[in-house]
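Student: Using UniProt numbering, the first residue of the sequence shown is number 1, and each one after it goes up by one. Don't be surprised by glycine CBs; every beta carbon is placed ideally from N, CA and C.
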Amino acid sequence: MDDEALRAAIARHFWFHSIELRPGIVTPGLKTPEIMHAEEEALLGSFDLSGLSVLDIGAWNGGFTLAALRRGAGRVLATDSFTWDAPHFRGRETFDLACAASGLRPEARHLDPTELPAGLDPFDLVLFLGVFYHLRDPIPVVDALGQVTRQVLLLETHQDALEEKRPAMIFYPGDELVGDATNWWGPNPPLILHLLLQAGFDRVLYRPHPVFGRSRGLYAAFRPRASPALREALPAPWTEMSPA
Ligand SMILES: C[S@@+](CC[C@H](N)C(=O)[O-])C[C@H]1O[C@@H](n2cnc3c(N)ncnc32)[C@H](O)[C@@H]1O
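Dropping the structure here:
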């Protein structure tokens with residue numbers, strides 16, 4: 001596909017991720033290149049991904065799937081369902097287009113997060129970004145994340161109840177969170193910490209979102225078998241939530 005045909009193909013779709021598919025050809029994502037860059041740096045920038053297996057749950061257009069491959073991951077599996085199936089998003093088509101145009105070859109599997117662990121062997125690094133609050137029943141899915149993670153889980157979420165010290169989350173029965181009825185929950189950091197500990201992670205680090213501050217949180221949760229190199233990789237402003 002030449003550049004003109006690629007630009008035309010990109011223009012036929014809605015994009016959530018801004019992804020540079022070829023030099024100067026960037027998908028027009030709702031998440032701007034600045035937000036994508038800041039999230040990628042905060043989440044992946046400190047880890048050596050060389051040879052690691054990566055599972056991207058809720059991959060949508062594949063921005064973080066392709067970022068993991070570009071950063072040297074060995075095997076990367078992208079999974080999604082909601083936006084891949086939705087006729088107004090046609091997310092799987094966008095994912096396939098992004099892969100074809102970039103020349104990168106991740107694996108892809110149609111899988112809803114509620115179907116996990118779905119017989120998957122554990123992956124070294126699991127990405128669970130922007131998915132938690134879309135699930136009406138997220139707690140069994142967090143438990144399943146413990147089963148599919150061999151070393152480290154990176155979780156990103158909208159947050160609420162930030163003044164509450166006890167583990168808590170706010171329920172949004174309608175579309176009160178940014179007019180989107182698929183947003184169900186606003187957890188606070190103590191809630192995410194304790195769900196992750198109960199799911200079999202033994203260490204959790206936290207930092208506010210690099211662009212949106214405390215309204216969204218980034219979590220790195222380590223399984224007991226995680227390598228020392230991964231465990232010690234994250235610099236400030238990542239902070240310890242649980243005993244090392
Ligand atoms: C906000 S997007 C996040 C995409 C990407 N992981 C990121 O962080 O940029 C939410 C993702 O969750 C997925 N998802 C899974 N279950 C969902 C549900 N019940 N409702 C809405 N989205 C859901 C969507 O398909 C989509 O890929």
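(1) Might you give, ordered along the chain, the residues of its own chain that have their beta carbon closer than 8 Å to the beta carbon of N188, omitting 5 neighbours on each side?
(2) Have a look at the DSSP bridge pairing and note the partners of T239.
(3) Helix, strand or coil for G1 per DSSP?
(4) Give every residue of the same chain whose Cβ lies closer than 7 Å to the Cβ of P33, excluding the five residues on either side of it in the sequence, and list them in chain order.
(5) With P106 as the anchor, note down where its beta strand (DSSP E) starts and where it stops.
(6) Can you look up W184 in the DSSP assignment and give me helix, strand or coil?
(7) Quick one: which unbroken alpha helix (DSSP H) runs of 4-plus residues sit fully inside the region 28-101? Chain order, please.
(8) What are the partner residues of L155, as DSSP defines its beta bridges?
(9) Which whole-angstrom value is the C-beta distance of V131 and G29, which I expect to be below 8 Å?
(10) I'd like to know whether the C-beta atoms of Q147 and L230 end up nearer to each other than 7 Å.
(11) Could you check whether L97 and A9 sit closer than 7 Å to each other, using their CB atoms as the reference points?
(12) Going by DSSP, which residues form a beta bridge with V26?
(13) Of the choices F89, T65, P224, whose alpha-carbon is the least far from that of E39?
(14) To the nearest angstrom, how far is the alpha carbon of E107 from that of L77?
(15) So what does DSSP say about G119, is it helix, strand or coil?
(16) Taking only three categories from DSSP, how would you classify R214?
(17) Hey, could you find the ends of the alpha helix (DSSP H) D160 is sitting in?
(18) Give the range of the beta strand (DSSP E) segment to which F171 is assigned.
(19) Report the three-state DSSP secondary structure of R136 (helix, strand or coil).
(20) Only counting the same chain, and skipping five residues up and downstream in sequence, which positions put a Cβ closer than 8 Å to that of L49?
(21) How far does the alpha helix (DSSP H) with A229 in it reach, from first residue to last?
(22) Under 6 Å Cβ to Cβ from W238, same chain only, skipping five residues before and after it: list those, please.
(23) May I ask you to report which of helix, strand or coil DSSP gives R7?
Tutor: Taking the definition as stated:
(1) Looking up residue 188 in the sequence shown gives position 188. Same-chain partners within the cutoff: Q159, D160, A161, L162, E164, P167, A168, M169.
(2) The residue given as residue 239 occupies position 239 in the sequence shown. Bridge partners of T239: Y206.
(3) If you number the sequence shown from 1, residue 1 lands on position 1. Here residue 1 is Met; the residue named in the question, Gly, does not match the sequence. Correct three-state label for M1: coil.
(4) Along the sequence shown, read from residue 1 onward, the residue named residue 33 stands at position 33. Counting only Cβ-Cβ distances below 7 Å, and skipping sequence neighbours, we find S18, V26.
(5) To locate residue 106, count along the sequence shown from 1; it is residue 106. It is not in any beta strand (DSSP E) - P106 carries neither H nor E in the DSSP assignment.
(6) Counted from its first residue, the sequence shown places residue 184 at position 184. If DSSP states are grouped into helix, strand and coil, W184 belongs with coil.
(7) 33-44, 63-70, 82-85
(8) The sequence position of residue 155 within the sequence shown is 155, counting from 1. Partner(s): F128, Y219.
(9) Here residue 131 refers to the residue found at position 131 of the sequence shown. Here residue 29 refers to the residue found at position 29 of the sequence shown. So it is not a contact: roughly 17 Å between Cβ atoms.
(10) By one-based count along the sequence shown, residue 147 stands at place 147. By one-based count along the sequence shown, residue 230 stands at place 230. No. Outside cutoff.
(11) Residue numbering aside, residue 9 sits at position 9 when the sequence shown is read from its first letter. Residue numbering aside, residue 97 sits at position 97 when the sequence shown is read from its first letter. Closer than 7 Å, so yes.
(12) Numbered from its first residue, the sequence shown carries residue 26 at position 26. Answer by DSSP bridge pairing, in chain order: E20.
(13) In the sequence shown, the residue the question calls residue 39 occupies position 39. Looking at the Cα atoms, T65 is the closest of the given residues.
(14) Counting from one through the sequence shown, the residue named residue 107 turns up at place 107. Counting from one through the sequence shown, the residue named residue 77 turns up at place 77. If I take the Cα positions, the gap works out to 5 Å.
(15) Against the sequence shown, residue 119 aligns to sequence position 119. Three-state DSSP puts G119 in coil, outside helix and strand.
(16) Looking up residue 214 in the sequence shown gives position 214. R214: strand per DSSP, three-state reduction.
(17) For the purposes of this step, residue 160 is identified with residue 160 of the sequence shown, where counting begins at 1. Segment: none, D160 is in no alpha helix (DSSP H) and carries neither H nor E.
(18) Position 171 of the sequence shown, counted from the start, is the residue given in the question as residue 171. Run containing F171: 169-171, per the beta strand (DSSP E) assignment.
(19) The residue you call residue 136 lines up with position 136 of the sequence shown. Here R136 sits in coil by DSSP.
(20) Reading the sequence shown from its first residue, position 49 is the one you call residue 49. So the list reads A68, R71, G72, A73, L125, once near-sequence residues are dropped.
(21) On the sequence shown, position 229 is the one that residue 229 refers to. Start and end: 228-231.
(22) Within the sequence shown, residue 238 is the residue found at index 238, counting from 1. The answer, listed in chain order, is L205, R207.
(23) Taking the sequence shown and counting its residues from 1, the one referred to as residue 7 is at position 7. In this structure, R7 counts as helix in the three-state DSSP scheme.
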